[in-house]
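Some notes on the structure that comes next.
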Amino acid sequence: MTLTIRHDWTTEEIQALLELPLMELLWQAQTVHREANPGYRVQLASLLSVKTGGCEEDCAYCSQSIHNSSDVTAFEAQMQVEPVLQRARAAKEAGADRFCMGWAWREIRDGAPFEAMLEMVRGVRGMGMEACVTAGMLTDQQAERLADAGLTAYNHNLDTSPEHYDRIISTRTYQERLETLQRVRNAGV
9 MTLTIRHDWT TEEIQALLEL PLMELLWQAQ TVHREANPGY RVQLASLLSV KTGGCEEDCA
69 YCSQSIHNSS DVTAFEAQMQ VEPVLQRARA AKEAGADRFC MGWAWREIRD GAPFEAMLEM
129 VRGVRGMGME ACVTAGMLTD QQAERLADAG LTAYNHNLDT SPEHYDRIIS TRTYQERLET
189 LQRVRNAGV
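Sequence positions in the sequence shown follow this note's numbering and run 9 to 197.
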């Protein structure tokens, strides 16, 4: 079997998959998985919330938002660089080969918070791990500086389709999310 990634599925083809007996569907899924992942290697990643709560976005599903009631109501300041790198070392010792760091805010802030982020990325890369960041929207210059620091992945959720976007978020647009993804791609991440 040669794996061909398709993006042109018809409604009928999708319906036919949904109507397969469960065990047949699992068999086909496993066959595709094994073809796409020779060697059966699973990447282990660890995620750390570097800045928790207090996000000004109003994403209806997110406990980090100041607009939602949750147990994550208090704003926590961004962690310092060394405690983050200590957690990264512990993750590496536990078998992780990717360390993801998250910031609960609308967009990356220049100045000390961004410089610390760059230092964290460099530190994680210096340990031989992939460095992943999720931190909201960013500028072209920020994307380039993150790439130069060694960033290997930028997590940036689209959340839903453009048609439903304003039903769950009013503090940003779908287009702004796409622009951020393009900035990261343009920077080579």
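For glycine and all other residues, C-beta sits at the position ideal for the given N, C-alpha and C.
Under 7 Å between C-beta atoms of residue i and residue j
i: Ala-155; j: Ala-124; result: no
i: Met-135; j: Thr-188; result: no
i: Trp-17; j: Cys-63; result: no
i: Gln-150; j: Ile-116; result: yes
i: Leu-95; j: Leu-52; result: The sequence given here places Arg at residue 95; Leu does not occur at that position. Contact: no.
i: Tyr-173; j: Val-141; result: no
i: Gly-61; j: Glu-84; result: yes
i: Asp-66; j: Thr-179; result: yes
i: Val-132; j: Ala-143; result: no
Residue i classed as buried or exposed, judged by whether at least 16 other C-beta atoms fall within 10 angstroms
i: Ile-177; result: buried
i: Ser-54; result: buried
i: Leu-33; result: exposed
i: Leu-159; result: buried
i: Met-31; result: exposed
i: Gly-47; result: exposed
i: Leu-104; result: Note that residue 104 corresponds to Ala in the displayed sequence, not to Leu. Buried, since its Cβ has 16 or more Cβ neighbours within 10 Å.
i: Glu-21; result: exposed
i: Arg-49; result: exposed
i: Val-40; result: exposed
i: Arg-191; result: buried
i: Glu-101; result: exposed
i: Leu-28; result: exposed
Close beta carbons around residue i, own chain, < 8 Å, minus the five adjacent residues each side
i: Gln-86; result: Val-58, Lys-59, Trp-111, Pro-121, Ala-124
i: Met-137; result: Ala-96, Ala-99, Lys-100, Ala-104, Asp-105, Arg-106, Phe-107
i: Val-92; result: Leu-56, Val-58, Met-109, Met-128, Gly-131
i: Val-197; result: Ala-151, Leu-154, Ala-155, Leu-159, Thr-160, Ala-161, Tyr-162
heavy atom of the ligand NAP below 6 Å from residue i C-beta
i: Gln-72; result: In the structure on display, the ligand NAP does not appear, and there are no ligands present to speak of.
Nonlocal neighbours in the same chain, by C-beta distance under 7 Å from residue i, ignoring five residues either side
i: Arg-130; result: Ala-157, Gly-158
i: Arg-153; result: Leu-126
Own chain partners of residue i with C-beta closer than 6 Å, once the 5 adjacent residues on each side are dropped
i: His-164; result: Thr-188, Leu-189
i: Ala-68; result: Ile-176
i: Leu-166; result: Arg-185
i: Pro-170; result: Tyr-182
i: His-75; result: Asp-66
Residue-chain proximity (residue i, chain C), Cβ-Cβ < 7 Å
i: Asp-174; result: Note that chain C does not occur in the displayed structure, where there is just one protein chain.
- Item | Contiguous beta strand (DSSP E) assignments of at least 3 residues, all confined to the segment 38–84 | Runs of the beta strand (DSSP E) lying entirely within the segment 38–84, each at least 3 residues long, are 53–59 in chain order.
- Item | Every unbroken alpha helix (DSSP H) within the segment 154–178, with a cutoff of 4 residues, ordered by chain | Runs of the alpha helix (DSSP H) inside the segment 154–178: 173–176.
- Task: Kindly provide the ranges of any alpha helix (DSSP H) runs that are 4 or more residues long and lie completely inside the segment 104–144, ordered along the chain.
- Result: As summarised for the segment 104–144, the continuous alpha helix (DSSP H) elements at least 4 residues long and confined to that stretch are 120–134, given in chain order.
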